[in-house]
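Step one of this worksheet: look at the structure below.
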Amino acid sequence: MTRKTEALLWVDIETTGTDPRHDLMLEIGLRCTSMDAKTEYARYESIIKPYVLPTDRSFAYAHRMHEANGLINEVIDASPELCSTARVALAVIDFTQSMAETHVLHPAGTNMMGFDLPFLEHYLFTEDQWGRFHRLLSYRALDMTAIRLTQTALGADPYEHYTQTKPHRVTDCLDMDISEYVEWLDLVK
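Here it is in structure tokens:
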């Protein structure tokens, strides 16, 4: 039996708000990389089409942001069959299972333990699906927020290079997290 290699499973989602029990997921992105994030093994991205988009004030900020970055239009135009919550949940499990066959998967991302994974648990997956997905992951995780807070504690500004507003789509957020992680590894070598 071949020994599994360690890998990072980068997770990012876009939502209508911050509460996984009430708000909706609109987009998900997963990337499986080497532990140094210099090699990408595979990626999965999908729009998630909710039955109805919210219209209350609590969605106003997210709506403006996601309208500006084109996500709202993509959600509206998405296939209800191909981008349904049920279909995307199965695709996420299939993707993760395929990566877990050869890798020990450490979840990675920004606030992923307190934001992204709870949304997967409470919004995307059924209870059984969450259990299947969660068992594919290592209990050890890499949170970019911890790295940024460490930099702040050491007197650095981890956000100083943000000179423009980012589009705030899963591709951009994952690109940024992975790039910053690679830079951070180079600094601590």
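Residue 139 in my numbering sits at position 129 of the sequence shown, and the numbers go up by one each step. By construction, the Cβ of each residue, glycine as well, lies at the ideal position given by its N, Cα and C atoms.
Of all the options the options, which has the alpha carbon lying nearest to the alpha carbon of residue i?
i	options	result
Leu36	Asp46, Thr49, Glu77	Glu77
Asn79	Thr181, Met154, Met109	Thr181
Met109	Leu195, Met186, Cys42, Pro30	Cys42
Leu5	Leu164, Thr162, Leu127	What the structure shows of the chain is the stretch from 11 to 199, and residue 5 is not part of that stretch, so it cannot be assessed.
Ile38	Thr175, Leu184, Asp196	Leu184
Glu170	Pro177, Ser89, Glu190, Lys59	Glu190
Glu91	Phe69, Lys59, Arg67, Asn83	Lys59
Arg145	Leu100, Leu115, Ala52	Leu115
Are residue i and residue j touching if we call contact CB-CB under 9 Å?
i	j	result
Lys14	His113	yes
Val21	Pro117	yes
His73	Thr26	yes
Thr95	Leu134	yes
Pro64	Asp87	no
Leu40	Tyr54	yes
Ile23	Phe125	yes
Leu81	Met45	no
Thr175	Met154	no
Pull up the CB-CB distance for residue i and residue j, whole angstroms please, since I reckon it's below 8 Å.
i	j	result
Val102	Ile57	With a Cβ gap of about 13 Å, Val102 and Ile57 do not count as contacting.
Ala151	Met186	Between Met186 and Ala151 the Cβ distance is about 18 Å, and since that is not below 8 Å, they are no contact.
Is it buried or exposed, residue i, if we count other Cβ atoms within 10 angstroms and call 16 or more buried?
i	result
Glu111	exposed
Val98	buried
Ala156	exposed
Gly30	Residue identity differs from the one stated: residue 30 is Pro in this sequence, not Gly. Pro30 is buried by the Cβ-count criterion.
Glu159	For the record, residue 159 in the displayed sequence is Leu; it is not Glu. The residue is exposed, with fewer than 16 neighbouring Cβ atoms inside 10 Å.
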